[in-house]
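Reading through the structure tokens given below for one structure.
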Amino acid sequence: MKKSNELPKAYEPSTVEDGVYSAWEKSGVFKPQGKGAPYCIVMPPPNRTGTLHLGHATMLAIEDLMIRFHRMQVDRAWWIPGTDHAAIATQVKVEKELQKKGIKNPRQELGREKFLKKVVDFAQESRDTIVNQVKKMGSSCDWESEKYTLDEERNKAVNEVFTMMYEDGLIERGYRLVNWDPQFQTTLSDDEVETKEVKAKMLTFRYDKDFPIVISTTRPETKFGDTAVAVHPKDKRYKKYVGKTFTPTFCGKTLTIQVVADDAVDPEFGTGALGVTPAHSMIDEEIAGRHHLPMVQVIGKDARMIADEVGEGFGGLTIEDARKKVEAYLEKAGLLQSVEDVDQNLPVAQRGGAPVEQLPMKQWFVRVNKPFKLRNATLGKWKKGDKATLKELMIHAVKSKQTNIVPERFDKTYFHWIENLRDWCISRQIWFGHQIPVWYHANVCIPKKGREKDVAKCLDLIVSATKPICAFCNAEYEQDSDTLDTWFSSGLWTFSALGWPDKKKWEKNRAFHPTAVLETGYDILFFWVARMILMSTYVLGEVPFKDVYLHGLVRDEEGKKMSKSLGNVIDPLDVIPKYGTDAVRLSLVIGTSPGQDMKLSDDKIKGFRNFTNKLWNISRFVLTQVDKTEIIKSKFQIPKNATLADEWILVRLDEVTKHVTEKIQKYEFSSAGEELRDFTWNDFADWYLEIAKIESGKSEILYHVLQRILILWHPFMPFVTEYVWGLAGYEGSAITTPWPVVETKNQKLGTGNKEVKRFETLRDVVVTIRRLRADMNVEPIQKVEVVITGMKSLEDQKDMIQTLTRSSSLQFMKEIPEGWVSASAGKGMVAFNPEGTVDLKKEKARLEKELKEVENYLSGLEKKLSNTEFMKKAPKNIVEDMTAKRDEAKEKRDSIRVRVEVL
RNA sequence: GGACGCUUAGCUCAGUUGGUUAGAGCGACUCGUUUACACCGAGUAGGCCGGGGGUUCGAAUCCCUCAGCGUCCACCA
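Quick note on our numbering: the first sequence kicks off at 10 and runs consecutively.
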């Protein structure tokens, strides 16, 4: 072990961190230990699309904090790491990379097998990078239980749930309108579609000159697919046409247009008549559904016009070209009434940004509004066999507080999203992902011998993880080529990571589910959190996690989103070598609040780097003061010759310990860290350490306080605390040291406590003495007078001042005025005017005013405390607090009264 | 259009079912380098808590209203 005076003056994180981490990893402490209460966090799996960003770093810092805290509370803490295959995101990434290398159409050119191999290789590389970064952050996760959303076990879970849902009628195949991304040739869920504001032209026109109704649209090219014109039922202008059918010729194509009345139409907008295009607009599809209108698709998967369904000359055109051509046609034919420039919200793909088309397609859907028979007793509300919908389960999970969202206001957002939730399209036309476990019967039936009559019984479709064999004929089954939405597998994450559906593994880990908390950014509340609740309540009948902690997004100094194109990205791997992991972690945890975006700057991280260095130097100093051979390893006890300063620091230490513990439990990490920093820097380093330089015999206390500080800081800054722990020679390692439990039986803590007050007054005196020195010729006696009135007698004052100043080498006033209280103070003297030098009349007036205020305050409190209704519903601690405040105010009132009388 | 959030010191933000004199970090300014630390210490200045109204003995905090900024959802065809 190095001697502390040989330690470098500044903490050098880069020489420390890797060694500390690998020592932890080797010792096996990341695995759940002992027999405490299960405490499990399943890590939100980062996408295997490359590298981690600060959002991930935030997630890791907070989760590691919670895990370490609970591990030290001797819970069976288990943090399961993993990565997400991220289906479309990863595939897109690889396609782009391959295109850069000159392969224009990677999927066509390579074929499914070769292309998938490329994606899998890339995903593996990403995984290795990510794991490295996660370790760099100091994350104490159990690497031996690492999972992947696309590994074999997770695939089993996916197939199992798919089958269950299919059997329950919750998954069905249907020909419906879906979001289609023409760029990547796949469907998208509603959540993967964003809107972009663009300038558009709104045309007001007739289909042809004989058609009686004028309509408006920004998408004239889709009008080939119109099958109706809808008007409001009460609109007098169009009443005579409702129910009639027309056959106008629109740009060379004959349409069949019914006029229908529907409440969804706003009579005030445009002409009050809406051309209904069921195949290319969700709203129109709904209207069409109500009136049983046919659906005519005019745009194909390639985002070009379908030749058979449009007028001559329009087939094969791109949407843009067709739009221009329709407009030109209408104008030429004199059908165009007006053209107006409008702002339009264009749906675009979240990834890639291409405009999304709404097309009717045969796809797989999860039905969220369909009642089904529950397989388990669910959420304590439903019995096995009861009927409910998935939506109802999702709502009840949060309404009943079985899952708590922090901060609470996101409840509303969550409920609102669920209420508007439509069936979830889960099939994707991409290759990378869980292939849909559905098999289709080949068209040609070649009957097996003797089963000729049964051929009619051949099943068209079988849901199965493995290739089925037809009982009646020799036709082969072919698996659906589509894959599942990536969120389908992530929805199962909490329990699939714990081994479900494997019976043995699941039974072994059953106690860890529901997991303790899900910590993630609020931006994926819908994508993921809601779907995990859906899956877990459906499959297991219980919530996936007890709490949800949502952190804010990390933005740059100007509040902009960090993005590569803006060049304002702070890469965790850049700042970690510069300032150390501990500093980066602190800057992501302190000065932030849940659900609120945070701005991060280099200066902020630098500030916390300074703090880690402060802690380092505190330790260095303490270790020079301590002769470890003298320190007995038995339990720390307050020395018999303890001074007031000693008692004060120890009382504060317990107080801070208690507060920090409570705050972490309440997810108030920032506040906990701030209080701890204030104590460490202001109380311990700047004040107590200074006294310890002069007063001897403090080594035990110094050693004890340092130990406690290291423990309390450990979840926030694991590396420096662990390293110092070792240097200081404390028993074991910081990571496994039990969290201190503060005895509060005989020692009431809190700011109202008399003892604490006394010590604090004492500290104020010290501070004032320092000020006195600084302002030696200014005589700021009045301020000192205020401090002295807090003490009971002159004897007390003398005693206290002596105690204090013994520890001070400061110089004080040269001459002591008559009548002042004086005390020896090391090399000099310190003096106070007990009466103060204030104007007595002014002072009396001031006191009377103060008295009035206090009396007022007191009567308000008493009024409230005598209010029976308030007393009934008010929580105990509030009442206690108010009572204490009342007593305190009473005391103050009495003391002021006395002083007023004297004057 | 609906919902949510933000507005507090020059900057970044705390402020716990209303409580006495509104806090911290950074920055600014003054002073200080003698043995833990200049990645330091001791101090100082700086606030009509976005505007207006209300409830209350008492409001940054609760209610109403207006304004600016931001986010999400839905979308008008």
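Note that beta-carbon positions come from the ideal geometry of N, C-alpha and C, so glycine has one too.
Bridge partners - residue i, DSSP secondary structure assignment
| i | result |
| --- | --- |
| S225 | T213 |
| W189 | T196, E366 |
| N691 | For N691, which the question treats as bridged, DSSP gives no partner whatsoever. |
| D93 | N56 |
Whole-angstrom distance between residue j and residue i, CA atom to CA atom
| i | j | result |
| --- | --- | --- |
| Y48 | S148 | 16 angstroms |
| R460 | H241 | 58 angstroms |
| W433 | H668 | 45 angstroms |
| Q806 | L867 | Summary for Q806: the model assigns pLDDT 45, below 50, so the residue's position carries little reliability, and this model does not support an answer. |
| K400 | V552 | 14 angstroms |
| I614 | V563 | 13 angstroms |
| L468 | F255 | 43 angstroms |
| S473 | P446 | 5 angstroms |
| K872 | V377 | 53 angstroms |
| A9 | I292 | Outside the displayed range of the chain (10 to 912) lies residue 9, so it cannot be described from this structure. |
| G111 | R121 | 18 angstroms |
| M809 | A70 | Note that M809 scores 47 on pLDDT, short of 50, meaning its location in the model is unreliable; the coordinates nonetheless yield the value given after this. Distance between the alpha carbons of M809 and A70 is about 44 angstroms. |
| Y175 | I455 | 28 angstroms |
| W892 | F879 | For clarity, residue 892 is Thr in the given sequence; the question names Trp instead. The alpha-carbon atoms of T892 and F879 are separated by roughly 13 angstroms. |
| D190 | L61 | 27 angstroms |
| L125 | T265 | 46 angstroms |
| E417 | G600 | 19 angstroms |
| E699 | A654 | 11 angstroms |
Assigned secondary structure, residue i (DSSP; H/G/I helix, E/B strand, else coil)
| i | result |
| --- | --- |
| N354 | strand |
| S347 | strand |
| Y157 | strand |
| G183 | strand |
| P456 | strand |
| S875 | helix |
| K807 | At K807, the pLDDT of 46 sits below 50, so the modelled position is not reliable; the number obtained from the coordinates is stated separately. Note: K807 maps to helix in three-state DSSP. |
| L711 | helix |
| F419 | helix |
| V267 | The amino acid at residue 267 is misidentified as Val; the sequence shows Gln. Three-state DSSP puts Q267 in a strand. |
| E321 | coil |
| R431 | coil |
| W440 | coil |
| R163 | helix |
| T503 | helix |
| N762 | A caution first: N762 carries a pLDDT of 49, below 50, which makes its placement in the model too unreliable to give a value. |
| D903 | helix |
| K259 | With the sequence shown as reference, residue 259 is identified as Phe, and Lys is not the correct amino acid for it. Residue state, collapsed to three classes: strand. |
| M291 | helix |
| D330 | helix |
| V207 | strand |
Limits of the alpha helix (DSSP H) - the one that residue i falls within
| i | result |
| --- | --- |
| K555 | Where K555 is concerned, there is no enclosing alpha helix (DSSP H), although the beta strand (DSSP E) it sits in stretches over 554-560. |
| L107 | 96-109 |
| Q488 | Careful: Q488 lies outside any alpha helix (DSSP H), inside the beta strand (DSSP E) at 486-488. |
| L685 | 678-687 |
| I744 | First-last for I744: undefined, no H or E at that position. |
| L119 | 115-145 |
| I542 | 540-548 |
| G735 | 727-737 |
| N650 | Unbroken run through N650: none, as it is neither H nor E. |
| S610 | First-last for S610: undefined, no H or E at that position. |
Range of the contiguous beta strand (DSSP E) that encloses residue i
| i | result |
| --- | --- |
| W87 | 85-89 |
| L368 | 366-375 |
| V51 | 47-51 |
| H450 | 447-450 |
| E528 | 524-530 |
| G284 | 282-285 |
| A237 | 237-240 |
| V472 | 470-472 |
| T195 | 195-197 |
Exercise. In chain order, which alpha helix (DSSP H) runs of at least 4 residues are fully inside the stretch 384-412?
Worked result: 399-408
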